[in-house]
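Novice: Going by our numbering, the first residue of the sequence shown is number 127, and it counts up by one from there. Where is the CB? At the ideal position from N, CA and C, for every residue including glycine. Just so we're clear, the structure is a prediction, and the values are computed from it rather than from any experiment. Let me give you the structure first, and then I'll get to my questions.
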Amino acid sequence: MNKSELIEAMAQEADISKAAAAKALDGMVNAITEALKKGDTVTLVGFGSFYVGERAERQGRNPKTGEPLTIAAAKTPKFRAGKSLKDAL
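Next comes the structure, spelled out in structure tokens:
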């Protein structure tokens, strides 16, 4: 399912226009993004939690030359599914 299909499904489920559903989806994505930037966790009970994970610095290899290199530490967005979502699958 892509973004336009999700917007269409949201519009049908909530009985609203596609424009309103698109605005709601964009608002939700922006709110989650801003919360994660601040280091907060976003929990949707029954669905799951979005949180920031940390990757340690590690050694890698340039695939072209085989030369070793250091891959910097990074923060990454992660999602942990809730019980209701797991049970539904």
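Considering only C-alpha positions, which residue in the set Leu151, Gly153, Asp152, Glu134 is nearest to Lys144?
Specialist: Considering only alpha carbons, the answer is Glu134.
Novice: Between Lys209, Glu131, Leu132, Asn128, which has its C-alpha nearest Gly172's C-alpha?
Specialist: Lys209
Novice: Here's the rule: buried if 16 or more other CB atoms are within 10 angstroms of the residue's CB, otherwise exposed. What is Ala147?
Specialist: buried
Novice: Where Met127 and Asp213 are concerned, what is the direct C-alpha to C-alpha distance, given to the nearest angstrom?
Specialist: 20 Å
Novice: Does the distance from the C-beta atom of Glu183 to that of Ala198 stay below 8 Å?
Specialist: yes
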